[in-house]
Amino acid sequence: MSFDQIKTVFAVVGFVMLFVCGGFLYYCKKRTLKLIADWRRIKARNSALLRSVRDLLLIVSRKGGIMDFRNISAHPNYLPTTDLAGRMIVEILPDKIARNLLHYIDRAVDDHSIQRYEYRLDHNGNEAHYEAQIIPSGKNEVLIIIRGLTERKRMEEAWEFLSLRDSLTGLHNRRYFEREILRLNTTSASFAGIVVCDIDGLKFINDTLGHPAGDDLIKTVAHLIRSCFRSIDVVARIGGDEFAVIVCDAEPEVVAHASARINKAVAEHNKANNNLPVSVSVGWSVPTETSRKFDALFMEADGLMYREKLRNSEWQKKSCR
1117 MSFDQIKTVF AVVGFVMLFV CGGFLYYCKK RTLKLIADWR RIKARNSALL
1167 RSVRDLLLIV SRKGGIMDFR NISAHPNYLP TTDLAGRMIV EILPDKIARN
1217 LLHYIDRAVD DHSIQRYEYR LDHNGNEAHY EAQIIPSGKN EVLIIIRGLT
1267 ERKRMEEAWE FLSLRDSLTG LHNRRYFERE ILRLNTTSAS FAGIVVCDID
1317 GLKFINDTLG HPAGDDLIKT VAHLIRSCFR SIDVVARIGG DEFAVIVCDA
1367 EPEVVAHASA RINKAVAEHN KANNNLPVSV SVGWSVPTET SRKFDALFME
1417 ADGLMYREKL RNSEWQKKSC R
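Listed below in structure tokens is the structure:
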């Protein structure tokens, strides 16, 4: 091969290598630009997500050191307003809560799983509820998302309150009463006795004077019964015209005295109000050596109440003519 031929071969090989290298560099540049564009797009998206999230975000080491944070305003009044980075969890939260949080951090890192921890903080007499979600985010570090639960807790408590209250009288309802029966039958909790009351002639009032008059009568009787017992006693409306009271933490004699107070309160009401006389049948029962189960006591009190109701029925009809 002549020298000129060798020069030609080298020239061709050089051109091919230059073309290949140029193409490779162009591909690398194009790929790099695409990766940078994708990274910027992901960063912008994550930034938008972070701006939209109102929860407190913390990056925390396994030992409890705060490495980064966002949205400190989501945890008002309970954390320092200065930079949290470099602080320790035990410095900014009460000891018990901090120790529990560190426990869940360990579990999240060890199990590679999301942990949840609810806690409560008091500040100047105001109670606030929070949930912390602990998410593994790297070797020996976690992302903690702290969300306020105070409003949700208040709503839950309000719904719970309403679900256990009679809407007409404000007393406890049958659901709450049955829950108390179950508790008393399955635990060693003590109680003095049970009182059962029934409004005489409510159907007659509804049929002759209308349901609004009947509702007014129910509310009046509910107020009279409630006024005869202590705040710790459970007073419930368990039926349309029936009420029951669990007398708590007292001597058995208190039950008899309370029943007598109901009759006295009804008599005083009738004396002061001449429009529509009120009649209430009352029965009561207290635990004995042979009968301590709540169900049996309730049946006994209910039976005594119905005996009195039969005696009062004729009087009620005559009074309303």
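This note's numbering puts the first residue of the sequence shown at 1117, with every later residue one more than the last. We treat Cβ as the ideally placed atom computed from N, Cα and C, and that holds for glycine.
Is DSSP giving residue i helix, strand or coil here?
i     : result
H1385 : helix
N1242 : strand
A1308 : strand
D1184 : strand
G1330 : helix
H1082 : As displayed, the chain neither begins before 1117 nor continues past 1437, which places residue 1082 out of reach and without an answer.
R1270 : helix
R1346 : coil
R1281 : strand
H1228 : coil
K1212 : helix
L1366 : Sequence inspection shows Ala at residue 1366; the Leu mentioned does not correspond to that position. Three-state result, A1366: coil.
V1402 : coil
N1390 : coil
K1150 : helix
T1324 : helix
T1303 : coil
Taking only the alpha-carbon atoms, compute the straight-line gap between residue i and residue j and give it to the nearest angstrom.
i     : j     : result
L1237 : E1243 : 6 Å
I1175 : D1411 : 56 Å
D1365 : D1282 : 24 Å
S1386 : Y1422 : Before going further, note that residue 1386 is Asn rather than Ser in the sequence given. Those two C-alpha atoms are separated by around 22 Å.
Y1393 : T1285 : In the sequence as displayed, the identity of residue 1393 is Pro instead of Tyr. Those two C-alpha atoms are separated by around 19 Å.
P1210 : F1293 : 38 Å
L1413 : N1289 : 19 Å
V1402 : F1345 : 16 Å
T1336 : I1260 : 54 Å
N1389 : R1263 : 55 Å
D1323 : L1333 : 13 Å
I1348 : V1361 : 11 Å
E1234 : R1270 : 15 Å
R1203 : K1150 : 39 Å
D1418 : E1267 : 42 Å
E1424 : N1391 : 24 Å
K1212 : L1300 : 33 Å
G1254 : E1207 : 23 Å
K1145 : C1137 : 12 Å
L1173 : S1229 : 18 Å
F1320 : D1171 : 59 Å
I1310 : R1342 : 14 Å
Y1220 : R1291 : 37 Å
T1303 : A1338 : 29 Å
A1201 : D1184 : 5 Å
P1463 : G1241 : Here the chain has residues from 1117 to 1437 only, and residue 1463 is not among them.
A1214 : R1186 : 19 Å
A1372 : L1318 : 25 Å
N1428 : K1409 : 29 Å
R1147 : M1133 : 20 Å
L1298 : L1426 : 30 Å
N1216 : L1420 : 54 Å
Y1143 : R1157 : 21 Å
According to DSSP, which residues form a beta bridge with residue i?
i     : result
L1172 : I1262
L1217 : DSSP, once it has assigned bridges, lists no residue as partnering L1217.
M1415 : Bridge partners of M1415: none, in fact.
G1254 : E1257
S1397 : D1314
E1234 : E1247
V1361 : V1311, V1351
M1204 : G1181
H1288 : R1281, A1352
Compute the distance between the beta-carbons of residue i and residue j, then report whether it is under 8 Å.
i     : j     : result
L1381 : L1340 : The amino acid occupying residue 1381 in the given sequence is Ala; Leu does not appear at that position. It is a contact, given that the beta carbons lie within the stated cut-off.
I1152 : I1182 : no
F1307 : V1370 : no
S1177 : E1257 : yes
E1296 : V1350 : yes
R1353 : L1287 : yes
L1218 : G1180 : yes
L1265 : H1239 : no
Can residue i be considered in contact with the ligand SAM, in the sense that its beta carbon sits closer than 7 Å to one or more heavy atoms?
i     : result
R1186 : Within the structure as shown, the ligand SAM is missing, as the structure has no ligands at all.
Within 8 Å of any Cβ in chain C, is that where the Cβ of residue i sits?
i     : result
A1374 : Checking the listed chains, one finds no chain C in this structure; it contains a single protein chain.
Three CB pairs or more closer than 8 Å across the segment 1348-1360 and the segment 1308-1315: yes
Any 3 or more C-beta pairs closer than 8 Å across the segment 1394-1410 and the segment 1362-1377: yes
Segment contact, 8 Å Cβ cut-off, at least three pairs: the segment 1322-1341 with the segment 1260-1278: no
Touch test, the segment 1249-1269 against the segment 1224-1231, Cβ-Cβ under 8 Å, three pairs minimum: yes
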